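**Q**
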Amino acid sequence: MAKSIHRVSVTLTDVTPLASDIKLFRLADPDGWDLPAFDPGAHIDLHLPSGTTRQYSLCGDAADRSCYEIAVKHEDAGRGGSKEAHGLKPGAELLVSLPRNLLPLVSTQPVVIIAGGIGITPFVPMLAQMSRTNQSYALHYASRHDDAPFAQALKSTHPDNVVIYPNDTEQRLDIALIIAELPENAHLYCCGPNRMIDDVIAQTQHMKDRVHIEYFGGTIDPAQKSYDVHLARSGRTIGVQKGQTMLEALRAADIEVPASCEGGICMDCKTRFTAGEPEHRDIMMPKSERGQFLTPCVSGCLGKEITLDL
Amino acid sequence: MAWTGSIVALHTAPRSFLPMKSMDSLDLIEGVGVKGDRYASENGFYSDRPEEGRQITLFELETLTALKRDYGIELAADDHRRNVTTINVPLNHLVGERIQIGDCLLEATRLSTPCRHIEQITGQEIFEPLLHRSGLHARILRGGTIRVDDTITLARKA
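Sequence lines, in order, name chains L and A.
Using this note's numbering, the first residue of the first sequence is number -7, and each one after it goes up by one.
Using this note's numbering, the first residue of the second sequence is number 34, and each one after it goes up by one.
Take a look at the structure:
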């Protein structure tokens, strides 16, 4: 369990329903002190009372230092973090990490955003900032919700820059058309369901570093192929399917691996490998350890098999 | 070594990671720390490693100027996370000495060392440029109120 002095202490001040299964949580310093600054696109680790840690994009205005806002979708088939978060009441004392930004906003070039569902969250502060700085931007936002989170507020604040694609209308989000009509030198941002991300990646190979993707949970690489994990000590072999993390595959085989953030940050699940070549996707492990260890929550496999010291 | 310096800025924060707030004055509590500051209430990042000589911290304004000159690093007085920003005070030479600020008396205990924690907070790579010039830790021998522009002098040892 993290020590309070090694995290940012916050109080849950408000819980607001955004949609039938999505709640907005407002977190503030217990004494109203300003919170550490963040840039649009940043996320925090939320440490839940059970010890579980989950990552959420900050969706409030980055210019407002008085609070952090996160939107949490209740995932019935999830790992339990969203269920626990939805049970929190105002007044709860929580710990969060310093904000980290793996989806930084470019500062001058035109920006086009494709968002699906709860994937809208990292882009809400981006729109506010780009509006303030007169940067060219457009948002294409599809949602299966009739009450898509933030949709009305965004449409009313950015009427000329936001197109909403509700599920119950004929207007469909056409990724190919959006990409074909991108302004010259535009940067494309996307966060949403894996199918949407797969489509965007497949159609933007020519754009190289002008494409910025945020995955839910940041754990699954859509390009990851299936592979086998050999367990050196027990002699077992576990198959990891496409779209599945190594950690999920190990759990499915009743193999206990300690894990917390499941986003490649906390290193709780760090495991020694003895053969094979991992694809490291964590953001914390020192280079000096990458030849011996991997993080099953996010690491992939560059070959057809890898051997763990389990 | 004859010198007379002064306070150019005062800062405090109640908990680790929170931004430092500029203050016109700070109340020093003898043998404890700065009233309301994280290290007086054991809410600092390093409070799990208690240190009697870390009741108040000082930092030279000249270091901020040098960081800009030598490395092009813009660090403000609220970024270095020490309580007192001084001018014309040779902090690196004062370990073991006593320092008078108004009615308050400090005893310099050791040089501060830079930490990666400050890089986390500022987002700037400043660990190495701050080596050997990261300020001074002190114990509060006599408390009271210190204010911006107060004169700082060397005090006679008891």
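Every residue, glycine too, gets a C-beta built ideally from N, C-alpha and C.
Keep in mind the model is a prediction, meaning the values are calculated, not measured.
For H78 (chain L), does the three-state DSSP call read helix, strand or coil?
**A** Looking at H78 (chain L) - three-state DSSP - the assignment turns out to be helix.
**Q** At which residue ranges does the stretch 54 to 109 of chain L contain complete beta strand (DSSP E) runs of 3 or more residues, listed in the order of the chain?
**A** Whole beta strand (DSSP E) segments, 3+ residues: 60 to 65, 85 to 88, 103 to 108.
**Q** Could you compute how far the alpha carbon of R164 (chain L) sits from the alpha carbon of Y157 (chain L)?
**A** About 6 Å.
**Q** Given that V0 (chain L) touches chain A, what residues does it touch there, using C-beta distances under 9 Å?
**A** Neighbours of V0 (chain L) on chain A, chain order: R48, S49, F50, L51.
**Q** Suppose you measure from the CA of S39 (chain A) to the CA of R131 (chain A); what does that come to, to the nearest Å?
**A** The alpha-carbon atoms of S39 (chain A) and R131 (chain A) are separated by roughly 15 Å.
**Q** Any idea what DSSP makes of E281 (chain L), helix, strand or coil?
**A** DSSP places E281 (chain L) in helix when its eight states are reduced to three.
**Q** According to DSSP, P158 (chain L) sits in a beta bridge with which residue or residues?
**A** Note: P158 (chain L) sits in a beta bridge opposite L:S135.
**Q** Under 8 Å Cβ-Cβ, which residues of chain A neighbour D68 (chain L)?
**A** The premise fails here: D68 (chain L) is roughly 34 Å from chain A at the closest Cβ pair, so nothing lies under 8 Å.
**Q** Does the structure place the stretch 42 to 61 of chain L close enough to the stretch 109 to 129 of chain L that three or more beta carbon pairs sit under 8 Å?
**A** Yes, the stretch 109 to 129 of chain L is in contact with the stretch 42 to 61 of chain L.
**Q** Starting from the C-beta of A194 (chain L), find all residues in its chain whose C-beta is less than 8 Å away, skip the five residues before and the five after it, and write them out in chain order.
**A** Correct list: empty, nothing qualifies.
**Q** What first and last residue would you give for the beta strand (DSSP E) that runs through Q133 (chain A)?
**A** Counting along the chain, the beta strand (DSSP E) containing Q133 (chain A) begins and ends at 131 to 134.
**Q** Between L10 (chain L) and the rest of its own chain, which residues show a CB-CB distance below 8 Å, the 5 nearest in sequence each way excluded?
**A** Hits under 8 Å: L16, A63, D139, P141, F142.
**Q** Mapping DSSP to helix, strand and coil, what is V192 (chain L)?
**A** Reduced to three states, the DSSP call for V192 (chain L) is helix.
**Q** Determine the chain L residues that contact I151 (chain A) at a beta-carbon separation under 8 Å, and present them in chain order.
**A** Residues of chain L passing the Cβ test: none, with the nearest at roughly 12 Å.
**Q** What are the boundary residues of the alpha helix (DSSP H) that includes E93 (chain A)?
**A** From DSSP, E93 (chain A) is part of no alpha helix (DSSP H) but of the beta strand (DSSP E) over 89 to 93.
**Q** In chain A, which residues lie with their C-beta within 7 Å of the C-beta of I(-3) (chain L)?
**A** What I(-3) (chain L) touches in chain A: S49, N76, G77, F78, S80, D81.
**Q** Which residue from L:N93, L:R124, L:F30 puts its Cα closest to that of T149 (chain L)?
**A** The shortest C-alpha separation from T149 (chain L) is found at L:R124.
**Q** Tell me whether the beta-carbon of T155 (chain A) lies closer than 9 Å to the beta-carbon of V117 (chain A).
**A** Not closer than 9 Å, so no.
**Q** So that I know if they touch, is there some Cβ in chain L lying closer than 9 Å to that of K54 (chain A)?
**A** Cβ-Cβ to chain L under 9 Å: yes for K54 (chain A).
**Q** Could you confirm whether any beta carbon from chain L is found closer than 9 Å to the beta carbon of I134 (chain A)?
**A** No, because no Cβ of chain L sits closer than 9 Å to the Cβ of I134 (chain A).
**Q** Can you grab the Cα-Cα spacing for the pair G295 (chain L) / S218 (chain L), in whole Å?
**A** In a straight line, the C-alpha of G295 (chain L) is about 9 Å away from that of S218 (chain L).
**Q** Quick one: grab the DSSP three-state call for F115 (chain L).
**A** DSSP places F115 (chain L) in helix when its eight states are reduced to three.
**Q** For G105 (chain A), which option in A:T184, A:E158, A:R180 has the closest C-alpha, if you only look at C-alpha atoms?
**A** Considering only alpha carbons, the answer is A:E158.
**Q** Hey, is the stretch 70 to 82 of chain A in contact with the stretch 280 to 290 of chain L, meaning 3+ C-beta pairs nearer than 8 Å?
**A** Because the criterion of three Cβ pairs below 8 Å is not met, the stretch 70 to 82 of chain A and the stretch 280 to 290 of chain L do not touch.
**Q** For L90 (chain L), which residues in chain A fall below 9 Å Cβ to Cβ?
**A** Correct list: F50, Q153, I154.
**Q** Using the beta-carbon of each residue, which ones in chain A are nearer than 9 Å to D303 (chain L)?
**A** The first residue shown for chain L is -7 and the last is 302, placing residue 303 (chain L) beyond what the model contains.
**Q** I'd like the list of long-range same chain contacts for A241 (chain L), defined as Cβ closer than 6 Å, with 5 residues on each side in sequence excluded.
**A** The answer, listed in chain order, is I230, V232.
**Q** Give me the Cα-Cα distance between D152 (chain L) and S74 (chain L), rounded to the nearest whole angstrom.
**A** If you take the alpha carbons of D152 (chain L) and S74 (chain L), they lie about 34 Å apart.
**Q** Which whole-angstrom value is the C-beta distance of G111 (chain L) and G184 (chain L), which I expect to be below 8 Å?
**A** That pair is a contact at about 4 Å.
**Q** Anything in the stretch 24 to 57 of chain L with a Cβ closer than 8 Å to a Cβ of chain A? List those residues in chain order, please.
**A** Those residues of the stretch 24 to 57 of chain L that come within reach of chain A (Cβ to Cβ, closer than 8 Å) are W25, D26, L27, P28, A29, R57.
**Q** Flag G210 (chain L) as yes if its beta-carbon sits less than 9 Å from any beta-carbon of chain A, otherwise no.
**A** Here G210 (chain L) scores only 47 on pLDDT, less than 50, and its place in the model is too uncertain to base an answer on.
**Q** Could you round the C-beta distance between L139 (chain A) and R172 (chain A) to whole angstroms and report it? I think they count as a contact, below 8 Å.
**A** L139 (chain A) to R172 (chain A), Cβ: 7 Å. Contact.
**Q** Can you pull the DSSP bridge partners for I36 (chain L)?
**A** Beta-bridge pairing links I36 (chain L) to L:Y48.
**Q** Under DSSP, the alpha helix (DSSP H) around E152 (chain A) begins and ends at which residues?
**A** Taken as a continuous stretch (DSSP letters only), the alpha helix (DSSP H) holding E152 (chain A) covers 149 to 155.
**Q** Quick check on the burial criterion: 16 or more other C-beta atoms within 10 angstroms. Buried or exposed for Q88 (chain A)?
**A** So Q88 (chain A) counts as buried.
**Q** Kindly confirm or deny that the stretch 80 to 97 of chain L and the stretch 19 to 35 of chain L touch, where touching means at least three C-beta pairs closer than 8 Å.
**A** Yes, since at least three Cβ pairs between the stretch 80 to 97 of chain L and the stretch 19 to 35 of chain L fall closer than 8 Å, the two stretches touch.
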